[in-house]
Structure formats: C-alpha cells, structure tokens
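Participant:
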Amino acid sequence: MADGTKIEWTDATWNPITGCAVVSPGCTNCYAMKLAGTRLKNHESRKGLTKDTKAGPVWTGEVRFNREWLDQPLRWTKPRMIFVCAHGDLFAEGVPDEWIDQVFAVMALAPQHTFQVLTKRPERMREYARGMQICAENYPAEFQRRWGNAAAEISGSPCAAGSIEDREWPLPNVWLGVSVEDQKRADERIPLLLDTPAAVRWISAEPLLGPLDLTWLDDGERDGCRLHFDALSGLASDGEQSITGIFGQPDPKLDWVVAGGESGPGARPMHPDWARSLRDQCAAAGVPFLFKQWGEWTPGENVERQRGMVDTAELINDTWHYAPENLANTDGHIDDEPDVYRIGKKAAGRLLDGIEHNGFPEVRR
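When the sequence shown is numbered by UniProt numbering, its final residue is 365 and no position is left out of the sequence of numbers.
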C-alpha cells in the first residue's frame with residue numbers, strides 16, 4: 001500500500017485484501033505474486049500466500065484481510081485515484097462478502113477519491129454489485145445492516161451509516177473493471193462487466209498477449225443466430241445489422257481502455273500492431289485510451305542502434321520466434337527488422353508511434 005505509485009493510471013494503491021489464485025495466462029508473471037513470495041514473503045500481509053515452485057512463487061489461493069489498512073483512504077484528505085487491492089483481487093473466491101462490504105463502505109465514506117477496481121472474476125463482481133444496487137433501492141434495512149453498520153464501525157461515527165445511505169448508487173467514485181489479456185478472456189469477461197451496475201466500466205489489457213477486437217466480442221447465440229457485441233458502442237450485431245438494447249437504446253459500453261506490455265523476468269512480448277489496433281478502435285469510438293507501457297519489449301523505433309547484443313522476437317503464424325542480434329552491427333536489419341527488441345521497461349518507455357496516450361474518463365464524485 002502506498003500513497004504514490006509508479007503505476008501510470010493511478011495515484012496510490014490500497015491493499016485491504018491481499019492474496020489471489022492463478023486463473024488465466026495473464027497471471028503467469030504477476031508482479032504481486034512474485035513480490036509476495038520473495039521480498040515480502042515474511043510480511044504479515046503476505047506470509048503463506050504463495051508456495052515455491054520451479055517456476056517461482058505461485059499464489060496458494062489463500063487471501064488475507066488487512067484490517068489495519070482498511071481506513072487508510074479516510075486519512076488521505078487530498079483527492080486522488082486509488083487502485084483497490086493492487087496485490088490481490090477484491091472478488092477472489094476466498095474473500096467473504098463481509099470483507100467486500102467493508103471495502104465498499106470505505107469507498108462510500110471517501111467521495112473525494114476515485115477508486116479503481118480490477119478483477120478477473122467478473123461473475124462475482126456482477127452479482128455483488130447487483131445485490132448492492134437492489135438493497136440500496138428497495139431494502140433499506142438490509143442495506144443498513146450490511147454497509148451502514150460497516151461504515152459506522154470503520155469511521156467510529158454512528159452518523160456515517162446515514163451519510164452513505166444518502167450516496168448515489170452505484171457509487172459515482174468507484175470504477176469497476178476487468179483484466180483481459182487476449183480475445184478469449186475479453187469474450188468471457190467484458191460482457192459480464194457491461195452487465196454490472198457501475199458508474200465507470202473499464203478494462204486493463206495488460207499484459208496484452210494477443211490481438212483484441214473490442215468491436216466484435218462473442219455474445220452467444222439467440223434464436224439460432226450467433227451474435228457479436230461491440231463493447232465500445234454498446235451495439236450487438238448478427239453479422240448483417242446492428243441490434244440495439246432495451247427500448248431501442250444501446251446497451252452499456254466501455255468507458256475506458258488501458259493497455260500495456262509485460263515487464264519483469266520472463267516477460268512475454270506484445271506485438272506493436274495489437275496496441276495500435278486498440279488505440280485505433282478507441283479513437284474511432286471516442287473512448288479514452290491510455291497506453292501504460294511497452295514493458296520489456298519494444299519496436300525498433302524506440303531502440304538505440306548502438307546498444308550492442310539484444311534479444312529480438314518476431315511473430316510468425318501466431319508463434320514468437322526469438323534470436324539475439326548485435327545492434328552495434330551497422331548492417332543490421334532494414335527491411336526484415338524483427339517485430340520487437342528486449343531492452344527493458346525503462347528504456348522501452350510508453351510512446352506509441354511517437355505519442356504518449358493518457359486518456360481518462362470523466363471523474364465523478
């Protein structure tokens with residue numbers, strides 16, 4: 001947990017819950033998992049959350065509630081963007097609803113901040129958010145029992161329960177998002193996100209491990225017809241015509257897209273065209289786009305030719321092929337330049353075709 005972070009799309013991290021489990025390829029080189037099993041392995045907030053394997057530390061699935069950090073946002077008075085559970089998943093399988101209730105109570109008590117939530121468990125997030133919305137609108141006694149009492153206990157003030165009842169729900173200062181690393185995970189997770197009550201819905205396509213078409217998500221089959229969904233416009237299609245949602249209006253759509261490559265040991269390359277495609281899709285739809293980083297690998301335009309020996313990677317028939325190259329060799333590649341070079345996150349930077357992309361959705365509180 002830190003007031004201040006190197007993560008490009010947030011201002012601070014808050015870890016009331018730590019621990020997780022590996023659920024998809026994007027988890028393989030998780031920085032939080034590696035940190036929990038190395039430098040922080042003896043810290044009370046991380047102890048026992050990973051196990052040692054030949055591939056390095058791996059989450060055990062155990063989760064931990066760090067009660068001493070729960071009220072931290074209430075002590076930060078200056079408004080800031082806060083990444084929630086940066087070293088875990090708020091909606092992980094082992095997290096009881098009572099913990100999530102307390103996290104949402106804090107977010108309701110701190111309207112000056114914007115809370116950014118990411119999960120790889122959109123089914124649970126959807127059900128939780130729906131239940132909260134129903135309670136807020138129709139069952140005040142249940143709402144008071146769960147979130148009101150939590151707010152009063154955390155803040156130490158009985159009046160806090162009433163203050164969060166008066167808040168707009170879903171909370172305007174809470175952004176709900178999903179992590180998607182490839183098309184398969186986008187097809188699985190984004191439709192569930194868009195079916196979730198939220199003021200802002202967003203995705204983090206990092207590490208980006210394959211191309212993503214956000215305008216053509218698999219939306220299942222209806223009446224014998226295969227449907228696809230444009231997550232950037234909210235329109236579905238049967239391949240011949242667009243289909244609007246209820247009452248002729250588009251369904252909910254994504255409000256923000258973040259993308260980036262993988263960093264750290266064992267980082268997998270991101271093809272430059274995958275990032276360019278997301279940038280162009282968002283530009284066409286008017287959706288804010290933030291390019292977080294290239295990660296360890298970057299295209300030749302960002303590489304100094306005098307670096308000497310570096311690893312290169314080229315994508316051929318959906319398979320990465322690796323080879324060393326001496327960049328000090330003045331002959332070098334010209335027409336047959338590899339797709340990316342491994343020069344490290346710092347040197348690779350975050351310029352996409354010479355431009356820094358820092359799009360954000362409108363902040364509401």
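Glycine included, C-beta positions come from ideal geometry on N, C-alpha and C.
Locate the alpha helix (DSSP H) running through residue 149, then write down its first and last residues.
Facilitator: In the sequence shown, residue 149 corresponds to position 149, counting from 1. Per DSSP, residue 149 is one residue of the alpha helix (DSSP H) stretching across 149-155.
Participant: From the DSSP output, which residues share a beta bridge with residue 128?
Facilitator: Reading the sequence shown from its first residue, position 128 is the one you call residue 128. Partner(s): none; residue 128 has no beta bridge.
Participant: Apart from the five residues just before and just after residue 216, which ones in its own chain have a Cβ nearer than 6 Å to its Cβ?
Facilitator: Start at 1 with the first residue of the sequence shown, and residue 216 comes out as number 216. If the five residues before and after residue 216 are omitted, its C-beta is found closer than 6 Å to the C-beta atoms of 228, all from its own chain and listed in chain order.
Participant: Check each candidate in 197, 182, 326, 348 and name the one with the smallest Cα separation from residue 263.
Facilitator: Your numbering for residue 263 matches position 263 in the sequence shown. It is 348 whose Cα lies nearest to the Cα of residue 263.
Participant: Distance, Cα to Cα, residue 210 vs residue 353?
Facilitator: For the purposes of this step, residue 210 is taken as residue 210 along the sequence shown, with counting starting at 1. For the purposes of this step, residue 353 is taken as residue 353 along the sequence shown, with counting starting at 1. Answer to the nearest angstrom: the Cα atoms are 19 Å apart.
Participant: Does DSSP put residue 313 in a helix, a strand or coil?
Facilitator: Start at 1 with the first residue of the sequence shown, and residue 313 comes out as number 313. Residue 313: strand per DSSP, three-state reduction.
Participant: Whole angstroms is fine: what's the gap from residue 54's alpha carbon to residue 32's?
Facilitator: Here residue 54 refers to the residue found at position 54 of the sequence shown. Here residue 32 refers to the residue found at position 32 of the sequence shown. So the two alpha carbons sit approximately 18 Å from each other.
Participant: Among 291, 303, 226, 195, which one has its Cα closest to the Cα of residue 254?
Facilitator: By 1-based counting over the sequence shown, the position of residue 254 is 254. Distances from the CA of residue 254 to each of 291, 303, 226, 195 were compared; the closest alpha carbon is that of 195.
Participant: What are the boundary residues of the beta strand (DSSP E) that residue 84 is part of?
Facilitator: Walking along the sequence shown from the start, residue 84 turns up at place 84. Per DSSP, residue 84 belongs to the beta strand (DSSP E) from 81-84.
Participant: Do you know offhand how far residue 25's Cα is from residue 181's?
Facilitator: Position 25 of the sequence shown, counted from the first residue, corresponds to residue 25. Position 181 of the sequence shown, counted from the first residue, corresponds to residue 181. So the alpha carbons of these two residues sit roughly 8 Å apart.
Participant: Please say whether residue 313 and residue 320 have beta carbons closer to each other than 7 Å?
Facilitator: Against the sequence shown, residue 320 aligns to sequence position 320. Against the sequence shown, residue 313 aligns to sequence position 313. Yes, the Cβ-Cβ distance between residue 320 and residue 313 is below 7 Å.
Participant: Using only the alpha-carbon positions, how far apart do residue 257 and residue 81 sit?
Facilitator: If you number the sequence shown from 1, residue 257 lands on position 257. If you number the sequence shown from 1, residue 81 lands on position 81. For residue 257 and residue 81, the distance between alpha carbons rounds to 16 Å.
Participant: Note down the Cα distance separating residue 93 from residue 59, rounded to an integer number of angstroms.
Facilitator: The count along the sequence shown starts at 1 and reaches residue 93 at position 93. The count along the sequence shown starts at 1 and reaches residue 59 at position 59. Using only the alpha carbons, I get a separation of about 13 Å.
Participant: Please work out which residues of its chain come closer than 7 Å, Cβ to Cβ, to residue 335, disregarding the five sequence neighbours upstream and downstream, and give them in chain order.
Facilitator: For the purposes of this step, residue 335 is taken as the residue at position 335 of the sequence shown. Here the model assigns residue 335 a pLDDT of 47, short of 50, so the residue's position is not dependable and the matter cannot be decided.
Participant: For the beta strand (DSSP E) holding residue 261, just list the boundary residues, first then last.
Facilitator: For this step, residue 261 is matched to residue 261 along the sequence shown. DSSP places residue 261 in no beta strand (DSSP E); its state is neither H nor E.
Participant: With DSSP as the reference, label residue 52 as helix, strand or coil.
Facilitator: On the sequence shown, residue 52 is found 52 positions in, with the first residue counted as 1. If DSSP states are grouped into helix, strand and coil, residue 52 belongs with the strands.
Participant: On a Cα-Cα basis, can you pick out the residue from 218, 37, 13, 172 that is closest to residue 70?
Facilitator: Walking along the sequence shown from the start, residue 70 turns up at place 70. The residue with the shortest Cα to Cα distance from residue 70 is 13.
Participant: Do you know how far the Cα of residue 108 is from the Cα of residue 341?
Facilitator: Taking the first residue of the sequence shown as 1, we reach residue 341 at position 341. Taking the first residue of the sequence shown as 1, we reach residue 108 at position 108. Here the alpha carbon of residue 341 sits roughly 45 Å from the alpha carbon of residue 108.
Participant: Spell out whether any CB of chain C is found under 7 Å from the CB atom of residue 72.
Facilitator: Structure shown: chain C not included; a single protein chain is present.
Participant: At which residues does the beta strand (DSSP E) containing residue 366 begin and terminate?
Facilitator: Absent from the structure is residue 366, since the part of the chain shown begins at 1 and ends at 365.
Participant: In the DSSP output, what is residue 175 paired with across the bridge?
Facilitator: Translated into positions along the sequence shown, residue 175 becomes position 175. The partner list for residue 175 (beta bridge, DSSP) reads 116, 200.
Participant: Give every residue of the same chain whose Cβ lies closer than 8 Å to the Cβ of residue 155, excluding the five residues on either side of it in the sequence, and list them in chain order.
Facilitator: Sequence index remark: in the sequence shown, residue 155 carries index 155 (1-based). Only 71, 74, 109 meet the Cβ criterion.
Participant: Taking the beta strand (DSSP E) that residue 104 falls in, what are its first and last residues?
Facilitator: Translated into positions along the sequence shown, residue 104 becomes position 104. That residue, residue 104, is in no beta strand (DSSP E); its alpha helix (DSSP H) goes 97-109.
Participant: Are the beta-carbon atoms of residue 351 and residue 9 separated by less than 7 Å?
Facilitator: Here residue 351 refers to the residue found at position 351 of the sequence shown. Here residue 9 refers to the residue found at position 9 of the sequence shown. For residue 351 and residue 9, no; Cβs fall outside 7 Å.
Participant: Per DSSP, which one or two residues make a beta bridge with residue 58?
Facilitator: To locate residue 58, count along the sequence shown from 1; it is residue 58. Looking at the DSSP assignment, residue 58 forms a beta bridge with 51.
Participant: Going by DSSP, which residues form a beta bridge with residue 326?
Facilitator: Mapped onto the sequence shown, residue 326 falls at position 326. 309, per the DSSP bridge assignment.
Participant: Thinking just about the alpha-carbon of each residue, which of 98, 233, 306 is nearest to the one in residue 145?
Facilitator: The count along the sequence shown starts at 1 and reaches residue 145 at position 145. Ranking 98, 233, 306 by Cα distance to residue 145 puts 98 first.
Participant: Near residue 359, what residues of its chain come up, given a Cβ to Cβ distance below 6 Å and the 5 sequence neighbours on each side ignored?
Facilitator: For the purposes of this step, residue 359 is taken as residue 359 along the sequence shown, with counting starting at 1. Cβ neighbours of residue 359 beyond the five flanking positions: 288, 289, 290.
Participant: Tell me the rounded alpha-carbon separation between residue 281 and residue 295.
Facilitator: The residue you call residue 281 lines up with position 281 of the sequence shown. The residue you call residue 295 lines up with position 295 of the sequence shown. Each residue's Cα considered, the two are about 21 Å apart.
Participant: Out of 17, 310, 63, point me to the one whose CA is closest to residue 297's CA.
Facilitator: Within the sequence shown, numbered from 1, the residue matching residue 297 stands at position 297. The option with the nearest alpha carbon to residue 297 is 310.
Participant: By a C-beta neighbour count over all protein chains shown, 10 Å radius and 16 as the cutoff for buried, is residue 50 buried or exposed?
Facilitator: The sequence position of residue 50 within the sequence shown is 50, counting from 1. The residue in question, residue 50, is buried, as its Cβ has 16 or more Cβ neighbours within 10 Å.
Participant: To the nearest angstrom, how far is it from the Cα of residue 131 to the Cα of residue 303?
Facilitator: Numbered from 1 along the sequence shown, position 131 holds the residue referred to as residue 131. Numbered from 1 along the sequence shown, position 303 holds the residue referred to as residue 303. Residue 131 and residue 303: Cα-Cα distance of roughly 50 Å.
Participant: If you drop the 5 nearest sequence neighbours on each side, which residues of the same chain put their C-beta closer than 6 Å to that of residue 37?
Facilitator: Sequence index remark: in the sequence shown, residue 37 carries index 37 (1-based). The answer, listed in chain order, is 50, 57.
Participant: Do the region 155-168 and the region 200-214 touch if we need at least three Cβ pairs shorter than 8 Å?
Facilitator: no
Participant: Which stretch, first to last residue, makes up the beta strand (DSSP E) that contains residue 14?
Facilitator: The residue labelled residue 14 in the question sits at position 14 within the sequence shown. Note, residue 14: beta strand (DSSP E), 12-14.
Participant: Is residue 256 helix, strand or coil by DSSP?
Facilitator: For the purposes of this step, residue 256 is identified with residue 256 of the sequence shown, where counting begins at 1. In the three-state DSSP reduction, residue 256 falls in the strand class (E or B).
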